[in-house]
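Chains as they are written, first to last, in my numbering: chain A, 93 to 212; chain B, 1133 to 1312.
This is the structure in C-alpha cells:
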C-alpha cells in the first residue's frame, strides 16, 4: 500500500520533466522502499550508496559549518544524481540527464520529497 | 616507527561493536555516520553505520593510527573496498552472540581476501559474556585448518585497553620492533 503510494509519487516526478530518467525512495539505512529505476540497476546497491552518500554529506556539512544538509549532488559525464532527505528517515534519489535544467529538477524533487515525507 | 601515518580497518557483522570499539580508543571525537535501522538489524540495535566510522589513535612517539570502521551489512560492500584501500591491516570483530559467528568469520575473511593477501589480520571476539562458545581456541583451530594463524582475542568493545590491544597486536605483526 505504502509502496504503491510512493511509486505514484515517483511516477509523477519522473513524468514532470523529460530530464528525469529515474528515481527511488530509500530508507536512511539504505533499503529501497520504492523505485522506478532502469531494469539493469541493482536496487539494493543503489539504496546503500545513496544512504552512505547522504550520511557523509550530512557529516561534512556539519563539520564545515554549512548547517543541516539539504541535498547531495553528483555530476558525471552522462548526467546528474541528486539525493535529498524525504523526511527524517528516507532519501529521495533522482537520476537526470546531462543537459537537465537543474533548477526545475531541484524544485520537482523538493515537492516530491515533501509528499513522500507526508506519507511516511 | 617508520611510517608516521597508518590506516587500519575495523570490519565485521552488524552489531559486533565496530562503532563502539572505535569510539573507545579514538583520541578525537569519532566521526560516525549512523542511521536509524529499518532492516533485521532492528532486532539487535536501533542505529546502524551506513558509510564509515573514523577515529584517530595517537601512539607514544607521535605516530598516528587512523581508524576506519565499515558498515556491517553486505549491501554496503562497496564501502568495504573504498575503506580498505591504502590500509595496512584489518581488525575483524565477531559477535559471539550471533547465530553462526564461525560463518561470519569465513564470510568476512573471504570478502577481504584480496586485502588480506597483502595485509595482516587480527580477530576480536565480542559478547562472549552473552554466549561463551565458540571459544577463541575453537576459532583458532578452524583457521589453522586453512593454514591461517591470526592473533585472536576475546574483547569488550567498550573497554579501551581491550581494543588498544587489538590494534597493538596488528601493528606488532606488521613491525615487531614497534614500541607502543
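A virtual CB, placed ideally from N, CA and C, is assigned to each residue, including glycine.
Remember, predicted model here, so these are calculated numbers, not experimental data.
Nearest Cα to residue 1196 (chain B) within the set B:1233, B:1157, B:1168, B:1167: B:1157. Of the residues A:196, A:180, A:173, A:194, the one whose Cα lies closest to the Cα of residue 115 (chain A) is A:173. Sorting B:1246, B:1267, B:1307 by C-alpha distance to the C-alpha of residue 1218 (chain B) places B:1246 at the top.
With respect to the 8 Å criterion, residue 176 (chain A) and residue 1182 (chain B) are not classified as neighbours on the basis of their beta carbons.
The beta-carbon of residue 143 (chain A) is placed less than 8 Å from the nearest beta-carbon of chain B. For residue 151 (chain A), the neighbours in chain B by C-beta distance under 7 Å run, in chain order, 1163, 1165. Per the C-alpha coordinates, the member of A:119, A:141, A:188 positioned closest to residue 1211 (chain B) is A:141. The C-beta separation of residue 1147 (chain B) from residue 1176 (chain B) comes to about 4 Å, placing the pair in contact by the 8 Å criterion.
If you check each beta-carbon in the region 1208-1219 of chain B against every beta-carbon of chain A, the ones closer than 7 Å belong to 1208, 1210, 1211. Judged by their CB atoms, residue 197 (chain A) and residue 117 (chain A) are not nearer to each other than the 8 Å cut-off.
DSSP places residue 126 (chain A) inside the beta strand (DSSP E), whose first and last residues are 124-128. In chain order, 1207, 1210 make up the part of chain B whose C-beta sits under 8 Å from the C-beta of residue 137 (chain A). The residue among B:1206, B:1283, B:1154, B:1230 with its C-alpha nearest the C-alpha of residue 122 (chain A) is B:1206. Counting along the chain, residue 1149 (chain B) sits inside no alpha helix (DSSP H), nor does DSSP assign it H or E at all. Beta bridge pairing from DSSP links residue 1138 (chain B) with B:1197. For residue 1183 (chain B), a Cβ of chain A is located within less than 8 Å of the residue's own Cβ. Under the Cβ distance rule, residue 1168 (chain B) counts among the residues neighbouring chain A, one pair being separated by less than 8 Å. Beta-bridge annotation (DSSP): residue 1165 (chain B) is not paired with any residue. Counting only runs of at least 4 residues, the region 1221-1309 of chain B fully encloses the following alpha helix (DSSP H) elements, listed from N- to C-terminal order: 1233-1243, 1245-1250, 1268-1277, 1292-1306. The residues 1289, 1290, in chain order, have a CB closer than 7 Å to that of residue 1152 (chain B) in the same chain once the five nearest residues on each side in sequence are set aside. Against chain A, a Cβ distance below 8 Å from residue 1151 (chain B) picks out nothing, because the smallest value is about 13 Å. Secondary structure at residue 175 (chain A): strand, using DSSP grouped into helix, strand and coil. Inclusion of residue 1202 (chain B) and residue 1142 (chain B) in the CB contact set at 8 Å is warranted, their separation being smaller than that value. As a beta-bridge residue in DSSP terms, residue 119 (chain A) pairs with A:182. In chain order, 1281, 1284 place their CB closer than 8 Å to the CB of residue 1272 (chain B), counting only its own chain and leaving out the 5 sequence neighbours on each side.
Taking CB atoms only, residue 140 (chain A) has a neighbour in chain B less than 8 Å away.
For chain B, the residues of the region 111-132 of chain A that bring a beta carbon within less than 7 Å of one of its beta carbons are 119, 120, 121, 122, 123, in chain order. At a beta-carbon threshold of 7 Å, the residues of chain A lying near residue 1180 (chain B) are 121, ordered along the chain. Straight-line spacing of the CA atoms in residue 1162 (chain B) and residue 128 (chain A) works out to 36 Å.
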